[in-house]
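When we follow numbering that gives the first Met the number 0, the leftmost residue of the sequence shown carries the number 0, and every step to the right adds one. Even glycine gets a Cβ: it sits at the ideal position worked out from N, Cα and C. To start, the structure under review is shown below, and the notes come after it.
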Amino acid sequence: MHEDLQIAPLTPPPEIDIGSAPYLGADILEALDRGQRNLVLDFADVRLIDSAGIGVLLSAERRVRAAGGDLVVANASDHVRHVFELTGVARSLNLA
Numbered sequence: 000m001h002e003d004l005q006i007a008p009l010t011p012p013p014e015i016d017i018g019s020a021p022y023l024g025a026d027i028l029e030a031l032d033r034g035q036r037n038l039v040l041d042f043a044d045v046r047l048i049d050s051a052g053i054g055v056l057l058s059a060e061r062r063v064r065a066a067g068g069d070l071v072v073a074n075a076s077d078h079v080r081h082v083f084e085l086t087g088v089a090r091s092l093n094l095a
């Protein structure tokens, strides 16, 4: 498989807040540094995301897109999807 076509799965913490969001951002940047361009964030266990987490996601999405890749948020709960919709983030993120 060509490296650019590989999908890099990442598992965020259950609570993406001001304390943990920078670590998620660092994980995404490390994946980009390794040449991975298509990233999937598995939100199956994410219960909470605050404004810091949303900011990191939007920043990461822009960086991944600028690198020619795609950032997908998969398995988000109805609650997290609702937060994304209320904040307008759902229009910017690739939700699966």
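Rounding to the nearest angstrom, what Cα-Cα distance links residue i and residue j in this structure?
i	j	result
Ala30	Arg36	8 Å
Gln5	Pro13	25 Å
Arg90	Ala75	15 Å
Ile53	Val88	8 Å
Arg80	Phe42	10 Å
Out of the options, point me to the one whose CA is closest to residue i's CA.
i	options	result
Val39	Tyr22, Gly68 and Ser50	Gly68
Leu56	His78, Val72, Glu84 and Arg80	Val72
Asp44	His78, Leu92, Phe83 and Tyr22	His78
What are the start and end residues of the alpha helix (DSSP H) that includes residue i?
i	result
Leu57	Ser50 to Ala65
Leu9	It is not in any alpha helix (DSSP H) - Leu9 instead sits in the beta strand (DSSP E) that spans Ile6 to Leu9.
Asp26	Ala20 to Asp32
Leu85	Asp77 to Thr86
What residue range is occupied by the uninterrupted beta strand (DSSP E) comprising residue i?
i	result
Val72	Asp69 to Ala73
Residue i by DSSP, collapsed to three states: which one?
i	result
Leu40	strand
Glu2	Any answer about Glu2 is weak, because its pLDDT of 46 lies below 50 and its placement is not dependable; what the coordinates show is given next. Residue state, collapsed to three classes: helix.
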